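Chains as they are written, first to last, in our numbering: chain A, 17 to 305; chain B, 1340 to 1604.
What follows is a short report on a single structure.
Structure (structure tokens):
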């Protein structure tokens, strides 16, 4: 037990906890809006683009977080520009994602033959994040929280009822673009913790579980943040104690909690219409307003 | 330049790659017709956990992959659930499976190389045994698809009328998803779990925009899949860039102009 406490006092562990906590908080709040706006697949798609960004950054020898953010922000702005036309385009989106992954594979090969690099991008490596990336994570994370705080009310309004919000003069198009920008940055940050493939566990799962437990926006955001931080701490602690991967624990905690919330959510809040939370947007494809 | 063909690993790659391409091109046509492209994507991610579990207990990853994808495919078919991207439940299940896969691979020695090869394919390192397994499953899938071709096509295009005419629509749907599971498991050897779209959907999506009659579209799709795979393996064997990158790029570069030049759906 003593060695475990000593382990926790090492600086790389402290860094991991600090960055992990901030990322969990930002992801959980952004995630609330992602679920509300039915953009879960957009988050998934952006993370795949982030893979090409991370490997490109490795090739150039620059910060991984900067590379990922550059690629995800560009992709998010593209998705924002296409707007509603993205909906129901499974094949097109799939082709673009595959191409992004293919590019990532090439960049990696050009950079080195090290497959452990790939695995850390795909499944996260919060325990080996560099000092530069920790500082960038703090700056990006706090910046994202400040922008979110500034646009919180109109964003909530336009996410819940875009038509009425627009009629009342809320600039929903602008808000949508700002939100996609914040989502892109958050996805890049979350990749550091859980990797490209498990971004869902930090961005979507806490918020989706929270929305099964309550319909009130502030309570849902609070629960989402609590769950996100709990998954991250739980994942880090369990990983340090057992040496199994952090991202496995985070994914497992997220999945178990989510399905538990579905099963018992209606007991806690019987009036929440399951259909709404379950399948926010009943149509086909991604909804990007 | 053509001297590469005397190496047995190149012959293995071309042999297995060709079988996988024919199956992928064939299955892909029905995946798109039935609106199941996302199911293919989800099955491959679920298969990752299976492949990793197989490694851990010391059997050929393809058997773990087949077991997981066939169970999941049959499950999807039996419950008749439509899989869509924005369905958060599927997203969480996929995330959990990928997390489990990461765990199994971490527990297995040789973590990174194995994960890399399952995720991005290892056609240039395929063994004789795997070629044989691929041939057996590939030929079985092609025979099965040919046998059910007409009723499957009928029930994909117009399920209500097909059902009224006595076609066993539901049974065909389940059987088809099992064939998809086999096709996904095989394709993983060539392009890996993450790029399954490039062989399973890419060729068929382009073919269906060029040729409109079913038989012609299936033939074109198979032809394109073979061309992508052969070209990809050839370029990778003569250069030093990965096969997966070439196949993904060719698939994208062919699809993009076809998509832009053909009329909107």
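Cβ coordinates follow ideal geometry from the N, Cα and C atoms, glycine included.
The structure presented is a predicted model; accordingly, all values stated were derived computationally and were not measured.
>> Which same chain residues end up closer than 8 Å to residue 163/A when comparing Cβ atoms and leaving out the 5 residues on each side of it in sequence?
In response: Residues 194, 198 of the same chain have their beta carbon placed closer than 8 Å to that of residue 163/A, with the five preceding and five following residues left out of the count.
> Does the separation of the CB atoms of residue 1454/B and residue 145/A fall below 8 Å?
Replying inline: no
> Below 8 Å between beta carbons: does that hold for residue 80/A and residue 68/A?
Replying inline: no
> What residue does the alpha helix (DSSP H) around residue 1551/B start on, and which one ends it?
Replying inline: Per DSSP, residue 1551/B belongs to no alpha helix (DSSP H) and is neither H nor E.
>> On the DSSP letters alone, give me the boundaries of the alpha helix (DSSP H) that residue 1598/B sits inside.
In response: 1582-1600
> In its own chain, which residues sit with a C-beta less than 7 Å from the C-beta of residue 1439/B, not counting the 5 before and 5 after it?
Replying inline: 1388
> With a cut-off of 8 Å, does the C-beta of residue 1596/B fall near any C-beta of chain A?
Replying inline: By the rule that beta-carbons nearer than 8 Å mark a contact, residue 1596/B does not touch chain A.
> At least one CB of chain B closer than 8 Å to the CB of residue 290/A: is that the case?
Replying inline: Unreliable placement is indicated for residue 290/A, whose pLDDT of 42 sits below 50; no coordinate value is reported for it.
> Span of the alpha helix (DSSP H) holding residue 1487/B?
Replying inline: Premise fails: residue 1487/B is in no alpha helix (DSSP H) and is neither H nor E.
>> So if I threshold CB-CB distances at 9 Å, which residues from the stretch 1341-1372 of chain B count as touching chain A?
In response: Result list: 1371.
>> Please report whether the beta-carbon of residue 305/A lies at a distance below 8 Å from any beta-carbon of chain B.
In response: The predicted model places residue 305/A with a pLDDT of 32, which falls under 50 and marks its position as unreliable; any figure quoted below should be read in that light. False, the Cβ-Cβ gap to chain B never drops below 8 Å.
> If you draw a straight line from the C-alpha of residue 1583/B to the C-alpha of residue 1394/B, how long is it?
Replying inline: 22 Å
> Do residue 1465/B and residue 1355/B have their CB atoms nearer than 8 Å?
Replying inline: yes
>> Does residue 230/A come out as helix, strand or coil in the three-state DSSP assignment?
In response: It is coil, neither helix nor strand.
> Over what stretch of residues does the alpha helix (DSSP H) that includes residue 48/A continue unbroken?
Replying inline: 27-52
> What whole-angstrom Cβ distance do residue 220/A and residue 207/A have, given they're in contact under 8 Å?
Replying inline: Actually they are not in contact, since the Cβ atoms of residue 220/A and residue 207/A sit about 14 Å apart, beyond 8 Å.
> Below 8 Å between beta carbons: does that hold for residue 213/A and residue 139/A?
Replying inline: yes
> In terms of residue numbering, what span does the alpha helix (DSSP H) encompassing residue 169/A cover?
Replying inline: 147-176
> Counting Cβ pairs, one atom from each stretch, are 3 or more of them under 8 Å apart for the stretch 1379-1387 of chain B and the stretch 1551-1560 of chain B?
Replying inline: The stretch 1379-1387 of chain B, when compared against the stretch 1551-1560 of chain B, does not touch it at the 8 Å Cβ threshold.
> Taking residue 1474/B as the reference, which of 1367/B, 1342/B, 1574/B, 1401/B has the closest Cα?
Replying inline: 1401/B
> What beta strand (DSSP E) runs, 3 residues minimum, are completely inside the stretch 1451-1530 of chain B?
Replying inline: none
>> Taking only three categories from DSSP, how would you classify residue 1398/B?
In response: coil
>> Across the stretch 1536-1556 of chain B and the stretch 1428-1439 of chain B, are there enough close Cβ pairs to call them in contact, namely three or more that are closer than 8 Å?
In response: Verdict: no, contact absent.
> residue 222/A CB to nearest chain B CB: under 8 Å?
Replying inline: For residue 222/A, the answer is no, since every Cβ of chain B falls outside 8 Å of its Cβ.
> Say the cut is 7 Å; is the CB of residue 1550/B nearer than that to a heavy atom of the ligand SAH?
Replying inline: No copy of the ligand SAH appears in this structure; indeed no ligand is present at all.
> Using a C-beta to C-beta distance shorter than 8 Å, which residues of chain B count as neighbours of residue 53/A?
Replying inline: The premise fails here: residue 53/A is roughly 11 Å from chain B at the closest Cβ pair, so nothing lies under 8 Å.
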